[in-house]
Amino acid sequence: MDGGRQLIEELRRICGDEHVVTEHHALRTYESDGLLQYAAVPRAAVLPGTGEEVAAVVRACHAAGVPWVARGSGSGLSGGALPLEDGVLVVLSRLRRILEVDLENQRVVCEPGVTNVAITAAVAPSHFYPPDPSSQIVCSIGGNVAENSGGAHCFKYGFTTNYVCGLEVVLPDGTVEELGGKELDLPGYDLCGVFVGSEGTLGVATKITVRVVPTPESVRTLVSFFESPGHAGHAVSNIVSAGVVPGAIEMMDNLTIGASEAMAHAGWPLDAGAALLVELDGPQAELEATFDQVGELCEKAGCSEVRVARDEAERQVFWKMRKAAFPAMGRVSSHYYV
471 MDGGRQLIEE
481 LRRICGDEHV
491 VTEHHALRTY
501 ESDGLLQYAA
511 VPRAAVLPGT
521 GEEVAAVVRA
531 CHAAGVPWVA
541 RGSGSGLSGG
551 ALPLEDGVLV
561 VLSRLRRILE
571 VDLENQRVVC
581 EPGVTNVAIT
591 AAVAPSHFYP
601 PDPSSQIVCS
611 IGGNVAENSG
621 GAHCFKYGFT
631 TNYVCGLEVV
641 LPDGTVEELG
651 GKELDLPGYD
661 LCGVFVGSEG
671 TLGVATKITV
681 RVVPTPESVR
691 TLVSFFESPG
701 HAGHAVSNIV
711 SAGVVPGAIE
721 MMDNLTIGAS
731 EAMAHAGWPL
741 DAGAALLVEL
751 DGPQAELEAT
761 FDQVGELCEK
771 AGCSEVRVAR
781 DEAERQVFWK
791 MRKAAFPAMG
801 RVSSHYYV
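Under the working numbering, read the sequence shown as residues 471 to 808, first letter to last.
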């Protein structure tokens, strides 16, 4: 039996036959992430069900001298989950348990396969998890850690690295280490900060402790339409220069508006050169004055119209327009590069 076959047998012993994929047609499922320009079919894909199984898989690959790549949901656009043709792909989608919710200390402990939006769902309505990539309904928190993902709310709230308190990680040789903890001010080097955003080059996280924050008292959302992205950009400069810190701010150009409108049906003008989506959150008393100020600053930059979300349902439609943008571009062209 050659070394490659021995490794496959060992992986099956660790995870079970049904969780080791070697058939070429089935492996095509894992040949790329969301960046379809690059693809490779791995030697095998293995789907461990526990952190212990992940460590055993990595040790087996290390002993056999076979490279491995970790994969979360495969929604990334950086090629971070691109497999190696002679390697093993470690797919973490089965590790999707939320292990602990501690609202008193604003902490959630989960496995890497948990989706981003599931963390907010677990702590709602009193709390939420701010980093919110457009793919949050499908992307995994493990992938967010590897890529240091942000999202629409990163302008005010920061990125994944600002919310990861502790990690259980498997290093490239299969060693398991604990980094950080539930506190943000632990003594010593910030090894969590080193690991977050390392794109799998330092190992793979098998348990993640994140910080959640209280839900704002009030949220107001508006969208303003402009002749061009340049005019919308001036509005952003005006808002920031005025000292306003939006909870979220996003811009869409004409092509994106048209593609998203065909999916979300928000009734946005198809002739607009750009749309600027602005969301403010905080105490109700402060919010009203600031919200009016943002509208005035958009008008100063030359917007043709300002629409305010009248209720939560309309707010969700506004955000659906933005979050649907990437898949909606498939209506414009079957091939596109981001």
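Even for Gly, the Cβ is constructed at its ideal location relative to N, Cα and C.
T492 sits in coil when the DSSP states are folded into three classes, being neither helix nor strand.
With fewer than 16 other beta carbons inside 10 angstroms of its own, V683 counts as exposed.
The beta carbon of H532 is closer than 8 Å to those of P642, D643 and G644 in its chain, skipping five residues each way along the sequence. DSSP places A530 inside the alpha helix (DSSP H), whose first and last residues are G521 to A534. Beyond the five residues adjoining it in sequence on each side, P518 comes within less than 6 Å, by CB distance, of C485, V524 and V527 in the same chain, given in chain order.
If only complete runs of 3 or more residues are kept, the segment 540 to 625 shows the beta strand (DSSP E) at 558 to 561, 568 to 572 and 577 to 580, in order along the chain. CA-CA distance, T685 to C609, rounds to 22 Å. R498 counts as exposed, since fewer than 16 other C-beta atoms from the protein chains shown sit within 10 angstroms of its C-beta. In the three-state reduction of the DSSP assignment, G650 falls in the strand class.
One alpha carbon belongs to A515, the other to I611, and they sit about 20 Å apart. Residue state for W538 is assigned as strand, using DSSP reduced to three classes. Assignment of S707 by DSSP, reduced to helix, strand and coil, places it in the helix class. Annotated as proximal: L562 and G583, with beta-carbon spacing under 8 Å. About 5 Å separates the beta carbon of G670 from that of A616, a gap short enough to meet the 8 Å contact definition. Taking G743 as reference, the option from I678, T676 and A702 with the minimal CA-CA separation is A702.
For the set L767, D751, S688 and A755, the Cα lying nearest the Cα of K626 is the one of D751.
Excluding residues up to 5 positions away in sequence, R577, G650, G651, K652, E653, L654, C662, T679, V680 and R681 lie with their Cβ nearer than 8 Å to the Cβ of C635 in the same chain. Bounds of the beta strand (DSSP E) holding M722 are A718 to D723. Between P600 and H623 a beta carbon distance of about 5 Å is seen, short of the 8 Å cut, so the two are scored as contacting. Counting along the chain, V664 sits inside the alpha helix (DSSP H) bounded by residues L661 to F665. Rounded to whole angstroms, the gap between the alpha carbons of G717 and G728 is 25 Å. Here DSSP, grouped into helix, strand and coil, assigns S730 to helix. In the structure shown, L692 adopts extended strand secondary structure according to DSSP, grouped into three states. Within its own chain, the residues whose Cβ lies closer than 6 Å to the Cβ of L559, once the five positions on either side in sequence are excluded, are Y500, P512, A515, V539, R541 and P553, listed in chain order.
By the neighbour-count definition (other C-beta atoms within 10 Å, threshold 16), A594 is an exposed residue.
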